[in-house]
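Enquirer: Numbering (the working numbering), first residue to last: 6 to 116.
C-beta atoms are modelled at their ideal positions from N, C-alpha and C, and glycine is treated no differently.
Take a look at this one; I'll ask things after.
Here's what the structure looks like:
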């Protein structure tokens with residue numbers, strides 16, 4: 006019975022901590038792209054690509070193009086949700102491995 010309480014506590018705590026970390030990482034990735042583009046002189050309010058890149062230095066054009074393409078498509082909240090869906094089974098796998106290798110081995114040593 007005690008291992009069930011530990012398991013439920015582990016799952017709840019693991020879900021909360023990993024969700025918070027993944028949300029922060031997903032938001033920061035998008036926010037840092039905005040900071041870099043602003044630093045390089047990218048114009049977010051422009052209507053065409055000539056206006057967007059008019060303040061960007063020639064040596065920074067490749068970096069700005071990569072950052073701009075990185076921002077297109079799926080937004081950061083959807084990236085976070087999809088990553089978390091694929092990441093969450095890791096919690097169960099890790100707990101199962103820890104339970105098997107540590108708890109079972111301790112029981113074998115005690116017996």
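Terminal residues of the continuous alpha helix (DSSP H) containing residue 89?
Expert: First-last of the alpha helix (DSSP H) with residue 89: 81–92.
Enquirer: For the alpha helix (DSSP H) holding residue 63, just list the boundary residues, first then last.
Expert: First-last for residue 63: undefined, no H or E at that position.
Enquirer: Mapping DSSP to helix, strand and coil, what is residue 52?
Expert: In the structure shown, residue 52 sits in coil (DSSP, three-state: anything other than H, G, I, E or B).
Enquirer: If you measure between the beta carbons of residue 38 and residue 87, is that distance less than 8 Å?
Expert: For residue 38 and residue 87, no; Cβs fall outside 8 Å.
Enquirer: Can you list, in chain order, the residues of its chain whose CB lies under 6 Å from that of residue 51, leaving out five sequence neighbours each side?
Expert: Correct list, in chain order: 57.
Enquirer: I'd like to check one pair, residue 27 with residue 63: are the Cβ atoms closer than 8 Å?
Expert: The answer is no: Cβ separation not under 8 Å.
Enquirer: Out of 12, 55 and 79, which has the shortest C-alpha to C-alpha gap to residue 34?
Expert: Closest option to residue 34, Cα to Cα, is 79.
Enquirer: Would you report the Cα separation of residue 106 and residue 100, rounded to the nearest angstrom?
Expert: Residue 106 and residue 100: Cα-Cα distance of roughly 10 Å.
Enquirer: Drop a sphere of 10 angstroms on the beta-carbon of residue 14, count the other beta-carbons inside from all chains shown, and report buried for 16 or more, exposed for fewer.
Expert: Label assigned to residue 14: exposed.
Enquirer: Check the C-beta distance from residue 42 over to residue 72 and give it rounded, since I have them as a contact under 8 Å.
Expert: Contact holds; Cβ gap of about 5 Å.
Enquirer: For residue 61 and residue 29, what's the separation of their Cα atoms in angstroms?
Expert: Each residue's alpha carbon lies about 29 Å from the other.
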